[in-house]
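Notes to accompany the following structure.
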Amino acid sequence: MTELFPADKIKQLQDLIADSKNITIITHVNPDGDAVGSSVGWQTFLKEQGVKSTVIVPNHFPNFLKWIKGSENIVVNYSEREKCENLLKNSDLIFCLDFNNLSRLNSIGQLIQSLDTKKVLIDHHVGTCENDFTLTFSKVPLSSTSEAVYEIIRGITKQTSVSQEIAEALYAGIMTDTGEFSHSCNSCLFRTVADLMDCGIDRNRIHSLVYGSFSENRMRLQGYCIHKKMEVLPEYKTAYISLTLNELDKFKFEPGDTEGFVNIPLNIKDIELSAFFVESKEGFIKVSLRSTGEFSVDSMARKYFNGGGHKNASGGKLYTSLDKAVSIFKSILPEYDELSTVV
Ligand code: 5GP
Ligand code: MN
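Just so we're aligned, residue -13 is where the sequence shown starts under our numbering, counting upward by one.
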């Protein structure tokens, strides 16, 4: 059994946990399956070791993740700001999961940065900000933070099995962050998935809880996006979808409803770049980018959209109008020779 994280690092982590009384786990804004799965999976592991902790998320997470055991105890900063601030101020150890940059937490990130509390990063994104953390567990080839959590647990227990509760949470994170095993998968990940299956998870049940529990409004919004809002630019192997707040209202938008929409245009033959733009109540345009093959949306997100992520899945934001965000996107496409179909 090869260890992904060195034994001395695992030992440092165990010492940090042993020295702490108030532990908080925090993940990124708009928590997705990996954010919730890895945070709750890690919290459950700590609980099984006799260590109490609290999971905080900056804003609401999708209903299709609420079946994950332990997610019912998550504290949402958006609705319980004072409680979250107090939890963080009183923490002696903060775990930061599934992000590498405290700016991805908005105001709560500034608070965390100002605290000289010990912080441990568990993540899988490019460009870890080592200085922000006491200890970092991040390897870019990892599919997900849930896989990183599994590797840490394996490093601690020296066993491949975890409780069913942990296995379900981590499997949900891996399944969603790999787009149902369509990207970021290697043989090591499939070995991990096999180990999780041996822990008694019901893959079909998890699949249907996540992907088969949509509301009628969400399905109609998806149909509307494909039928009315998807623009295809074959000359740049690109397609995109944009949505206004008004349109979201019309379909009674709930958090998570647009999750995965950015992947849809990639199903069109020869489309290699897909973008999704959506207005937010906070006044910015949330940008999601996906690509297939070698085209890096991470560098595009960094250069033009104040963001980042992975080679094939990145995001960012622009404080501008929806139309302007879309026109910026369209204006940069000619820069990328690899997208051009003109020989
Ligand atoms: P999504 O498009 O699903 O929001 O995000 C896709 C990927 O891009 C995720 O791995 C996420 O961590 C990253 N990402 C999304 N938004 C941002 C952002 O504003 N800043 C950075 N650095 N990464 C982002
Ligand atoms: Mn992730």
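Idealized CB from N, CA, C, for every residue including glycine. All of these numbers come straight from a predicted model, not from anything done at the bench.
Closer than 8 Å to some heavy atom of ligand 2: that does not describe the Cβ of aspartate 5. In this structure, the beta-carbon distance from serine 124 to aspartate 163 does not fall below 9 Å. In the displayed model, valine 61 falls within a strand according to three-state DSSP. According to DSSP, residue pairing for threonine 278 in a beta bridge does not occur.
Counting the other CB atoms within 10 Å of its CB gives glutamate 280 a total below 16, which places it among the exposed residues. Between proline 48 and the set Leu97, Thr244, Cys70, Ser307, the nearest pair of CA atoms involves Thr244.
A residue is called buried once 16 or more other Cβ atoms fall within 10 Å of its Cβ, and glutamate 133 is buried on that count. Exclusion of the five residues before and after asparagine 86 leaves Leu107, Asp109, His111, Gly113, Thr114, Cys115, Ser124 as the residues of its chain whose Cβ lies within less than 7 Å of its Cβ.
At a cut-off of 8 Å, the beta-carbon of serine 274 counts as near ligand 1: some heavy atom of the ligand is closer than that. Assigned with DSSP and collapsed to three states, cysteine 174 falls in helix. Going by beta carbons, serine 170 and asparagine 249 fall outside the 9 Å limit. Serine 201 places its beta carbon 9 Å or farther from that of tyrosine 226. Per DSSP, the unbroken beta strand (DSSP E) holding isoleucine 80 starts and ends at 79 to 83.
Set against 8 Å, the gap from the CB of histidine 110 to the closest heavy atom of ligand 2 is smaller.
Remark: the shortest separation between the CB of asparagine 16 and any heavy atom of ligand 1 falls under 8 Å.
DSSP lists Ile108 as the bridge partner or partners of phenylalanine 123. Sorting Gly293, Ser194, Ser266 by C-alpha distance to the C-alpha of phenylalanine 50 places Ser194 at the top. Listed in chain order, the non-local C-beta contacts of lysine 215 below 7 Å within the same chain comprise Ile227, Ser228, Leu229, local neighbours out to five positions each way being set aside. Pairing serine 24 with alanine 155 gives a Cβ-Cβ distance under 9 Å.
Rounded to whole angstroms, the gap between the alpha carbons of lysine 104 and arginine 288 is 28 Å. In this structure, the C-beta of threonine 178 stays at least 8 Å away from each heavy atom of ligand 2.
The beta strand (DSSP E) runs of length 3 or more contained entirely in the stretch 208 to 264 are, from start to end of the chain, 216 to 219, 224 to 229. Per DSSP, reduced to three states, the secondary structure at glycine 141 is helical. Take the alpha-carbon of histidine 296 and the one of leucine 73: they are about 31 Å apart. With a cutoff of 8 Å, threonine 131 counts as near ligand 2, since its C-beta is closer than that to a heavy atom of the ligand. Secondary structure at isoleucine 271: strand, using DSSP grouped into helix, strand and coil. The continuous alpha helix (DSSP H) containing leucine 73 extends over residues 67 to 75. Counted as a single uninterrupted DSSP element, the alpha helix (DSSP H) harbouring glycine 159 occupies residues 150 to 163.
The alpha carbon of aspartate 102 has as its nearest neighbour, out of Leu79, Leu(-10), Thr146, Val41, the alpha carbon of Leu79.
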